Every structure is written in structure tokens, then in C-alpha cells.
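**Student:**
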């Protein structure tokens with residue numbers, strides 16, 4: 458089982474956390490879409506789990522999965538604020554490319570962290586850690602140990 462976790466940033470100049478989970482665990486920071494695509498193609502994963510919204514709300518402030526997360530005590534960031542809109546636009550474009558070759562799911566790493574009972578060590582890079590949470594959520598998905606919150610996958 459080969460899984461890639463991505464903690465996608467809204468802009469290419471910012472760090473995107475990347476995690477490969479397979480016979481080993483590797484994390485790194487990437488920046489451009491091309492760097493991300495090249496790393497993924499080297500691995501040819503069974504699944505890519507991305508911590509970024511894949512769409513905007515059709516009506517109102519929240520997508521249905523985000524509203525469920527809020528009811529469960531999580532605090533997703535509103536996709537209508539400008540910095541998040543950049544992230545959503547980047548995710549939509551990147552996921553469209555990735556889905557031509559790979560299975561891709563949307564995850565919410567803050568929920569994964571709590572549901573898996575994990576916490577970040579102070580000396581670890583936040584983006585790489587969140588990419589690891591994405592990969593672990595992808596593993597739960599492939600093992601059938603997940604819940605689908607209207608398109609947002611969280612581990613059980």
C-alpha cells in the first residue's frame with residue numbers, strides 16, 4: 458500500500474507538506490505544482506489524501522461536510538476568505554490533474570489528529586506533520602476504517 462499525504466498551501470511560494478507512507482515513511486516540503494506532480498509520479502501511489510477543500514460552498518458559508526465538522530466541535534476555516542479561496546482554487550486545479558491517474562480524497566488533518574489520538578512534537582515541521590496525518594487518514598480509508606462526511610474523509 459502506497460499513500461501520499463499532502464498538506465497543500467494556497468500559493469506555490471509557501472511550503473506544502475508531503476508525506477509518503479509505504480514500506481517507510483518520508484516527509485518533505487515542496488512548493489510548485491510541478492514538484493508535487495513529479496514526486497507523486499515517482500511513487501505512483503494507490504491513494505493521495507489532500508488537506509485542502511476541493512470546492513466552495515454552493516449556498517451559504519459552509520459545505521455540508523464542514524457543517525458536520527463544526528457540529529462535532531472542529532473549526533474548519535471558511536473557504537470564502539481570500540487566503541482560503543486561493544487554496545481552494547489551487548486544490549481544484551491540482552486535483553483535476555491528479556484524478557486522471559490516481560485516486561484522490563479530501564481530508565481534514567485537524568480532525569484526523571484528534572480522532573487518531575495524536576499530537577505534534579514541538580520540533581516537528583507543522584506542514585510535514587499534517588501531511589503525515591493526511592497519509593494516515595488515507596491508510597484508514599484504504600482499510601475501510603473511515604467516515605465520509607459529505608466528501609471529507611476522516612478516520613474512525
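Residue numbers (our numbering): 458 to 613. In this text, a Cβ means the ideal position worked out from N, Cα and C, and glycines have one as well. Just so we're clear, the structure is a prediction, and the values are computed from it rather than from any experiment.
#1: Three or more C-beta pairs under 8 angstroms: does that hold for the region 562-580 against the region 531-539?
#2: Could you check where the beta strand (DSSP E) with residue 497 kicks off and where it finishes?
#3: Please list, in chain order, all residues of the same chain as residue 479 whose beta carbon is under 6 angstroms from its beta carbon, the five residues on each side excluded.
#4: Measuring CB to CB, does residue 615 end up less than 7 angstroms from residue 505?
#5: I need the DSSP call for residue 521, collapsed to helix, strand or coil.
#6: Do you know how far the Cα of residue 468 is from the Cα of residue 490?
#7: By how many angstroms is the C-alpha of residue 562 removed from the C-alpha of residue 574?
#8: Rounded to whole angstroms, what's the CA-CA distance from residue 607 to residue 522? Just pull it up for me.
#9: For residue 536, name the three-state secondary structure that DSSP assigns.
#10: Is it buried or exposed, residue 585, if we count other Cβ atoms within 10 angstroms and call 16 or more buried?
#11: Taking a contact to mean a Cβ-Cβ separation below 7 angstroms, would you say residue 553 touches residue 509 in this structure?
#12: According to the neighbour-count rule (16 or more other Cβ atoms, all chains shown, within 10 Å of its Cβ), is residue 473 buried or exposed?
#13: Since residue 545 and residue 507 should fall inside the 8 angstroms C-beta cutoff, what is the C-beta to C-beta distance between them, to a whole number of angstroms?
#14: Along the beta strand (DSSP E) that carries residue 606, what are the first and last residues, could you check?
#15: Taking DSSP's pairing of strands, which residues face residue 611 in a bridge?
**Tutor:** In terms of the structure at hand:
#1: yes
#2: Working through the chain shown from its first residue, we reach residue 497 at position 40. Taken as a continuous stretch (DSSP letters only), residue 497 belongs to no beta strand (DSSP E), being part of the alpha helix (DSSP H) at 490-500.
#3: Reading the chain shown from its first residue, position 22 is the one you call residue 479. Closer than 6 angstroms at the Cβ level, and outside the excluded window around residue 479, lie 459.
#4: No answer is possible for residue 615: the residues shown for the chain start at 458 and end at 613.
#5: Start at 1 with the first residue of the chain shown, and residue 521 comes out as number 64. Residue state, collapsed to three classes: helix.
#6: Here residue 490 is taken as the residue at index 33 of the chain shown, counted from 1. Here residue 468 is taken as the residue at index 11 of the chain shown, counted from 1. The straight-line gap from Cα to Cα measures roughly 10 angstroms.
#7: Position 117 of the chain shown, counted from the start, is the residue given in the question as residue 574. Position 105 of the chain shown, counted from the start, is the residue given in the question as residue 562. Straight-line Cα distance between these residues: approximately 21 angstroms.
#8: Stepping through the chain shown from its first residue, residue 607 is reached at position 150. Stepping through the chain shown from its first residue, residue 522 is reached at position 65. Cα to Cα, residue 607 sits roughly 5 angstroms from residue 522.
#9: In the chain shown, the residue the question calls residue 536 occupies position 79. In this structure, DSSP gives residue 536 a state outside helix and strand, which the three-state scheme calls coil.
#10: Locating residue 585 in the chain shown gives position 128, counting from the first residue. Classification for residue 585: buried.
#11: Working through the chain shown from its first residue, we reach residue 553 at position 96. Working through the chain shown from its first residue, we reach residue 509 at position 52. In this structure, residue 509 does not lie closer than 7 angstroms to residue 553 by Cβ.
#12: Reading the chain shown from its first residue, position 16 is the one you call residue 473. With 16 or more other Cβ atoms within 10 Å, it is buried.
#13: Numbered from its first residue, the chain shown carries residue 545 at position 88. Numbered from its first residue, the chain shown carries residue 507 at position 50. No, residue 545 and residue 507 are not in contact; Cβ-Cβ is about 11 angstroms, not under 8 angstroms.
#14: Counting from one through the chain shown, the residue named residue 606 turns up at place 149. Where residue 606 is concerned, the enclosing beta strand (DSSP E) stretches over 603-606.
#15: Position 154 of the chain shown, counted from the start, is the residue given in the question as residue 611. Beta bridge pairing from DSSP links residue 611 with 604.
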